[in-house]
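In this note's numbering, each residue carries its 1-based index in the sequence shown increased by 3. Virtual Cβ for every residue (Gly too), placed ideally from N, Cα, C. The structure under discussion appears below in the form of structure tokens.
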Amino acid sequence: VNYTMYNIRCAQDVINVNSDHRDIMLLSSSSEPSHPFCYARVLGIFHVNVMYTGPGLKDYLPRHLEFLWVRWLKPVKQNAPCAHNLEALQFMKLSDEDAFGFVDPADILCSCHLIPAFAGGKVHADSTSVSRNARDGMDWKRYYVNQ
């Protein structure tokens with residue numbers, strides 16, 4: 004992922020679903036000013052050749068399409084918000100219809116570092132995953148966004 008840093012220099016982040024470098028940050032589509040960003044964990048990186056055959060068809064040429072399969076994190080309200088507190092996040096429940104989604108790689112701002120909130124413990128104390136695809140066996144109940 005290519006992005007521009009705060010000092011207007013170009014930088015790159017490598018996202019690998021089999022490593023700890025799999026969390027991303029995007030601009031939020033929400034109008035809520037307290038959360039300008041949204042966060043996700045990348046579960047898969049895909050590309051397909053798509054041929055559109057619906058209304059407005061121009062030709063039968065396949066188009067290359069890249070996308071990421073992600074699991075969304077949501078902000079957690081903190082009891083005593085402070086200017087120096089790190090933003091807290093947690094994964095959406097697996098049963099939530101918006102827990103997973105697809106992202107255009109062009110929409111990624113950069114990768115991000117999420118710090119587990121160790122005091123809260125893991126979601127599954129025995130590290131047993133409910134979903135092999137979500138790989139949730141090692142998930143913590145909360146994370147902090149390292150800024």
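Exercise. Does DSSP put G57 in a helix, a strand or coil?
Worked result: Coil at G57, not helix or strand.
Exercise. In angstroms, rounded to a whole number, what distance separates the CA positions of V4 and M95?
Worked result: Each residue's Cα considered, the two are about 25 Å apart.
Exercise. Cβ of I27 within 8 Å of Cβ of I111?
Worked result: Yes, the pair counts as a contact, with Cβ atoms nearer than the cut-off.
Exercise. Measuring CA to CA, which of A109, D101, P108 and N149 is closest to A120?
Worked result: Answer by Cα proximity: N149.
For this session: Could you check which residue in F40, W72, G57 and T56 has the C-alpha nearest to that of I48?
Result: The residue among F40, W72, G57 and T56 with its C-alpha nearest the C-alpha of I48 is W72.
Problem set entry | Alpha-carbon to alpha-carbon, D107 and I118 | A straight-line Cα-Cα distance of about 25 Å links I118 and D107.
Problem set entry | Nonlocal neighbours in the same chain, by C-beta distance under 6 Å from G123, ignoring five residues either side | The answer, listed in chain order, is K144 and R145.
Problem set entry | Boundaries (first-last residue) of the beta strand (DSSP E) holding G124 | Careful: G124 lies outside any beta strand (DSSP E) and carries neither H nor E.
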